[in-house]
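In our numbering, the protein residues as written are 516 to 664.
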């Protein structure tokens, strides 16, 4: 592992421990040349997951797309970055635990909405309004009634 400070190859692991999601390992390293410390994460490599879009085109799964959508929905809400990361990790675990290597984007959207519903009602409605493409106030009200019941 190259040192991010001096670019030398001489680094050693000082400490290793599993990350709470149990899908990666956190390693604390120290450079033998400059003495600076840094952290790396090893993540289990998985078989690529393909997402089937609404227009039936396919693209490789991208975590940042889920993250961006949730971040927009959480804008100015009392939700911490740790809570967002935890939800994204839960969503990924659910997606990758499925047997299929292809998953419709609609299924991912439903999983995201289920997780957001438990987190924060406003965040859920914001995400649903974009995801379900509400055309008018009536469809928006229908979704609100589902939450209130």
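Positions of the beta carbon are idealized from the N, C-alpha and C atoms, including for glycine.
Using the Cα positions of residue i and residue j, report the straight-line distance between them to the nearest angstrom.
i           : j           : result
residue 624 : residue 646 : 7 Å
residue 652 : residue 659 : 10 Å
residue 639 : residue 563 : 28 Å
residue 553 : residue 535 : 19 Å
residue 545 : residue 621 : 44 Å
residue 582 : residue 609 : 15 Å
residue 579 : residue 527 : 31 Å
residue 530 : residue 524 : 18 Å
residue 573 : residue 516 : 34 Å
residue 556 : residue 600 : 15 Å
residue 616 : residue 549 : 44 Å
residue 542 : residue 641 : 37 Å
Mind checking which residues open and close the alpha helix (DSSP H) that includes residue i?
i           : result
residue 565 : Element bounds for residue 565: not the alpha helix (DSSP H) but the beta strand (DSSP E), 565 to 567.
Could you name the residues that DSSP lists as bridge partners for residue i?
i           : result
residue 556 : 541
residue 530 : 543
Near residue i, which residues of its chain fall below 6 Å by C-beta distance, leaving aside the five closest residues on each side in sequence?
i           : result
residue 558 : 539
residue 551 : 520
residue 649 : 655
Which residue marks the beginning of the beta strand (DSSP E) containing residue i, and which one marks its end?
i           : result
residue 571 : Taken as a continuous stretch (DSSP letters only), residue 571 belongs to no beta strand (DSSP E), as it is neither H nor E.
Just to confirm my understanding: we take residue i, look at its own chain, exclude 5 residues before and 5 after, and list those with CB closer than 8 Å. What are they?
i           : result
residue 632 : 639, 662
residue 630 : 602, 605, 606
residue 637 : 592
residue 575 : 563, 564, 565, 566
residue 626 : 606, 609, 610
residue 569 : 620, 621
Kindly indicate if chain B contains any beta-carbon less than 8 Å away from that of residue i.
i           : result
residue 553 : Looking for chain B here will not work: only one protein chain is present.
Identify, in the order they occur along the chain, each residue of the same chain with its Cβ nearer than 7 Å to the Cβ of residue i, setting aside the five sequence neighbours on each side.
i           : result
residue 547 : 525, 526, 527
residue 589 : 599, 638
residue 644 : 655
Tell me the start and end of each unbroken alpha helix (DSSP H) in the segment 626 to 660 that is at least 4 residues and wholly inside, in chain order.
-> Secondary structure remark: continuous alpha helix (DSSP H) runs of at least 4 residues inside the segment 626 to 660, in chain order: 636 to 646.
Jot down the residue ranges of each uninterrupted alpha helix (DSSP H) in the segment 578 to 625, minimum 4 residues, whole runs only, in chain order.
-> Look at the segment 578 to 625 and you find these whole runs of alpha helix (DSSP H), each 4 residues long or longer: 578 to 588, 596 to 611.
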